[in-house]
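**Student:** Note that the protein sequences, when read in sequence, are chains A and B.
Every position in the first sequence, counted from 1, becomes a number in the numbering used here once 422 is added.
Every position in the second sequence, counted from 1, becomes a number in the numbering used here once 9 is added.
The beta-carbon is built from N, C-alpha and C at its ideal position, and this holds for glycine as well.
I have a structure here, written as structure tokens, and I will follow up with some questions on it.
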Amino acid sequence: MGFMLAIIRRDLLLVARQPAEMINPLVFFVLVVALFPLGVSPEASLLSQTAAGVIWVAAMLATLLSLELLFKLDHDDGSLEQLLLAPYPSWCLVLAKVFVHWLVSGLPLILISPLIAMMLFLPSDAVPTLMLSLLLGTPTLSLLGAIGAALVTGVRGGGMLLTLLILPLYVPVIIFGASSVAAAALGMPVDGYMALLGAMFVFALMITPWAAGAALKL
Amino acid sequence: MPFPSPAMKPLLCISDLACERDSRTLYQGLNINVEAGDLWHIKGRNGAGKTTFLRQLAGLHAVDEGEVQLLNNDTRMIYIGHKLGLKEQLTADENLTWLAGLDGLSTQKQRFMALEQVGLRGYEESVVAQLSAGQKRRVALARLHLCKADIWLLDEPFTSIDQQGIADEQEWLNKHTLAGGAVLMTSHQDITLAQVQVLDMGDYARQTCQYLANENGNIT
Chain A
423 MGFMLAIIRR DLLLVARQPA EMINPLVFFV LVVALFPLGV SPEASLLSQT AAGVIWVAAM
483 LATLLSLELL FKLDHDDGSL EQLLLAPYPS WCLVLAKVFV HWLVSGLPLI LISPLIAMML
543 FLPSDAVPTL MLSLLLGTPT LSLLGAIGAA LVTGVRGGGM LLTLLILPLY VPVIIFGASS
603 VAAAALGMPV DGYMALLGAM FVFALMITPW AAGAALKL
Chain B
10 MPFPSPAMKP LLCISDLACE RDSRTLYQGL NINVEAGDLW HIKGRNGAGK TTFLRQLAGL
70 HAVDEGEVQL LNNDTRMIYI GHKLGLKEQL TADENLTWLA GLDGLSTQKQ RFMALEQVGL
130 RGYEESVVAQ LSAGQKRRVA LARLHLCKAD IWLLDEPFTS IDQQGIADEQ EWLNKHTLAG
190 GAVLMTSHQD ITLAQVQVLD MGDYARQTCQ YLANENGNIT
């Protein structure tokens, strides 16, 4: 636990020194969602129908954008070696890194999502569902992405490879995440969607730190 | 033997170790026993496998052939390689905080003392990005004074360190080995300590490689 706290503390300190890293995914998310009505149509009826999908796809792309650097910076300056040499299992390291990644790239998206929902005329009844689905979904995205990030660490130009590797894994999360919000907008029950998103999160939480830890040692 | 080590306790047993990279055998049949108080100076030409050997000992490079065995599970190693593992945006003290956190906790006083020992007094709160190459290496080496490890694996620890610094470093190596620790290090500089033992990677290179090495002089 102390080991994980040491990593979390260090990484948060690094983010505080370089706030651009924190702002980037958020700016990207807001820009995509803000430009979408300009490109399609500012009509309220159309936007409210597509809002759920747009928000979820933008959130996924924003997560993807920051994933490549998850282990890469540590690999390049040699601190990843030192972290792996520490007498702790490597999944602790992955879990700590993913937690910080979510805190920096996932949590701000959730917090700003009500505002975005208003911009896209999403019915206000669906906003709690949107936030809850993002709360369950974005950590899943970060966790799944960690496997890909660990695999392409040390590969030059691994960004494209990373996208190809983990995009298929993201598909179910997006489908259920976006459909839950769409269902809520129509006033239908969302328990089933939430249960599935929750199950995916628990599954990812159990499997991915271990898998990414093993991949880092390759 | 001029420097009797405290107990001659064996720490690390390396048997029949080999390394192959890009289908080229760098070394093979490497057998040494590292005992408490040993100071091994690993020599060899560029590309002879010095760094890979150290990484195999640290557990960062897979051991396909042979065995690296720690004789006591409590034995702690510190590996400091070419990449120092420092975060440029953090200060010297902050870097030591997380590096020391890998082995346990440290107090600020301990960290400042460690930095003073490597000659960085007054640089505790300096951002590492603003330090010189030699000072950065000193920050990384400060960890040796902060964490209690039995075996130091040092890859070119003298690189970009000044003359006085190298003399100081040799003094730390002396102290550590006399206190029952062991050091395995690579360097192209000579180590002037009496207890130094030389491990020449060239002795374990494959015959074909030695043949190539001789091509520069006279082919035998």
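Taking only beta-carbon atoms, is Q172 of chain B less than 7 Å away from chain A?
**Tutor:** For Q172 of chain B, the answer is no, since every Cβ of chain A falls outside 7 Å of its Cβ.
**Student:** Hey, how far is the Cα of P561 of chain A from the Cα of G528 of chain A?
**Tutor:** The alpha-carbon atoms of P561 of chain A and G528 of chain A are separated by roughly 7 Å.
**Student:** Just reading off the beta strand (DSSP E) that I41 of chain B is part of, what are its end residues?
**Tutor:** Element bounds for I41 of chain B: R33 to E44.
**Student:** Does any CB atom of chain A fall closer than 7 Å to the CB of L111 of chain B?
**Tutor:** Answer yes: the Cβ-Cβ gap between L111 of chain B and chain A drops below 7 Å somewhere.
**Student:** If you scan the stretch 70 to 123 of chain B from start to end, which runs of the alpha helix (DSSP H) of 4 or more residues do you find wholly inside it?
**Tutor:** Here the runs fully enclosed are 101 to 110.
**Student:** Taking G90 of chain B as the query, report the chain A residues whose CB atoms sit under 8 Å from its CB, ordered along the chain.
**Tutor:** Near G90 of chain B (Cβ distances below 8 Å), the residues of chain A are G500 and E503.
**Student:** Note down the Cα distance separating I534 of chain A from L486 of chain A, rounded to an integer number of angstroms.
**Tutor:** Cα to Cα, the separation comes out at about 18 Å.
**Student:** Excluding the 5 residues flanking M444 of chain A on each side, which residues of the same chain have their C-beta closer than 7 Å to its C-beta?
**Tutor:** So the list reads V437 and V526, once near-sequence residues are dropped.
**Student:** Taking C-alpha atoms, which residue in A:V455, A:R432, A:P511 and A:G579 lies nearest to H523 of chain A?
**Tutor:** Looking at the Cα atoms, A:R432 is the closest of the given residues.
**Student:** Do D4 of chain B and K52 of chain B have their CB atoms nearer than 7 Å?
**Tutor:** There is no way to answer for residue 4 of chain B, as the model of chain B reaches only from 10 to 229.
**Student:** Roughly how many angstroms separate the alpha carbons of V595 of chain A and P530 of chain A, rounded to a whole number?
**Tutor:** Those two C-alpha atoms are separated by around 19 Å.
**Student:** Is P13 of chain B helix, strand or coil by DSSP?
**Tutor:** Low confidence applies here, because P13 of chain B scores a pLDDT of 49, under 50, leaving its location unreliable; read the following figure in that light. Coil at P13 of chain B, not helix or strand.
**Student:** Whole-angstrom Cβ separation of G143 of chain B and G174 of chain B, contact assumed at under 8 Å?
**Tutor:** Correct: roughly 7 Å between the Cβ atoms.
**Student:** Would you tell me roughly how many angstroms separate the C-alpha atoms of V207 of chain B and W49 of chain B, rounded to the nearest one?
**Tutor:** When rounded, the distance between both Cα atoms is 6 Å.
**Student:** For the beta strand (DSSP E) that contains P550 of chain A, what are its first and last residues?
**Tutor:** Segment V549 to V574 is the alpha helix (DSSP H) holding P550 of chain A; no beta strand (DSSP E) there.
**Student:** Give me the Cβ distance between L162 of chain B and L66 of chain B, rounded to the nearest whole Å; I'm assuming they're in contact under 8 Å.
**Tutor:** Correct: roughly 6 Å between the Cβ atoms.
**Student:** Which partner residues of K52 of chain B appear in the DSSP bridge assignment?
**Tutor:** The partner list for K52 of chain B (beta bridge, DSSP) reads B:D209.
**Student:** So what does L163 of chain B bridge to, in DSSP terms?
**Tutor:** Beta-bridge pairing links L163 of chain B to B:I89 and B:M194.
**Student:** Can you give me the Cβ contacts of A442 of chain A inside the same chain, cut-off strictly under 8 Å, excluding the 5 residues immediately before and after it?
**Tutor:** For A442 of chain A, where only same-chain residues beyond five positions count, there are no Cβ hits under 8 Å.
**Student:** Measure how close the beta-carbons of F598 of chain A and L566 of chain A come, nearest whole angstrom, since I'm counting them as under 8 Å.
**Tutor:** In fact, because the Cβ distance is near 14 Å, the residues do not count as touching under 8 Å.
**Student:** If I'm right that M428 of chain A touches W107 of chain B with Cβ under 8 Å, what's the distance once you round it to whole angstroms?
**Tutor:** Looking at the sequence itself, residue 428 of chain A is Ala, so the reference to Met does not match. Contact holds; Cβ gap of about 5 Å.
**Student:** Using a Cβ cut-off of 7 Å (strictly closer), state whether R578 of chain A contacts chain B.
**Tutor:** No, because no Cβ of chain B sits closer than 7 Å to the Cβ of R578 of chain A.
**Student:** From the DSSP output, read off the bridge partner residues of V476 of chain A.
**Tutor:** Answer is none; V476 of chain A lacks a bridge partner.
**Student:** Would you mind stating whether L99 of chain B and R120 of chain B have Cβ atoms separated by less than 7 Å?
**Tutor:** Against a cut-off of 7 Å, the Cβ pair of R120 of chain B and L99 of chain B comes out as no contact.
**Student:** Please decide whether R49 of chain B counts as near chain A, where near means a Cβ-Cβ distance under 7 Å.
**Tutor:** Checking the sequence, you will find Trp at residue 49 of chain B rather than Arg. No, W49 of chain B lies away from the interface with chain A (no Cβ there is under 7 Å from its Cβ).
**Student:** Quick one, are the C-beta atoms of S135 of chain B and A101 of chain B less than 7 Å apart?
**Tutor:** In this structure, A101 of chain B lies closer than 7 Å to S135 of chain B by Cβ.
**Student:** Please go through the same chain and pick out, in chain order, the residues whose beta-carbon is closer than 7 Å to the beta-carbon of M10 of chain B, but skip the five residues on each side of it.
**Tutor:** For M10 of chain B, the predicted structure reports a pLDDT of 42, less than 50, and the residue's modelled location is therefore unreliable. A value from the coordinates is still provided. So the list is empty, once near-sequence residues are dropped.
**Student:** When DSSP labels each residue in this structure, what does A214 of chain B get in the three-state scheme?
**Tutor:** It is coil, neither helix nor strand.
**Student:** Report the rounded CA-to-CA distance for A572 of chain A versus P536 of chain A, giving the unit in angstroms.
**Tutor:** Near 33 Å, if we compare the C-alpha coordinates of P536 of chain A and A572 of chain A.
**Student:** Indicate whether the contact test is met: 3 or more Cβ pairs, each with one atom in the stretch 486 to 496 of chain A and one in the stretch 573 to 587 of chain A, closer than 8 Å.
**Tutor:** Touching, per the Cβ criterion.
**Student:** Taking 7 Å as the CB-CB limit, is L515 of chain A close to chain B?
**Tutor:** No, its Cβ sits nowhere closer than 7 Å to a Cβ of chain B.
**Student:** Put L640 of chain A into one of helix, strand or coil per three-state DSSP.
**Tutor:** If DSSP states are grouped into helix, strand and coil, L640 of chain A belongs with coil.
**Student:** State the start and end residues of the unbroken alpha helix (DSSP H) segment that holds A151 of chain B.
**Tutor:** Residues A142 to L155.
**Student:** Whose CA, out of B:A191, B:Q117 and B:A203, lies closest to the CA of A45 of chain B?
**Tutor:** Checked all of B:A191, B:Q117 and B:A203; the closest Cα to A45 of chain B is B:A191.
**Student:** Q98 of chain B versus chain A: which residues are under 9 Å apart at the beta carbon?
**Tutor:** Under the 9 Å cutoff, chain A gives L435, L436, R439 and Q440.
**Student:** Output yes if chain B places a C-beta closer than 7 Å to the C-beta of A428 of chain A; else output no.
**Tutor:** Interface residue, yes.
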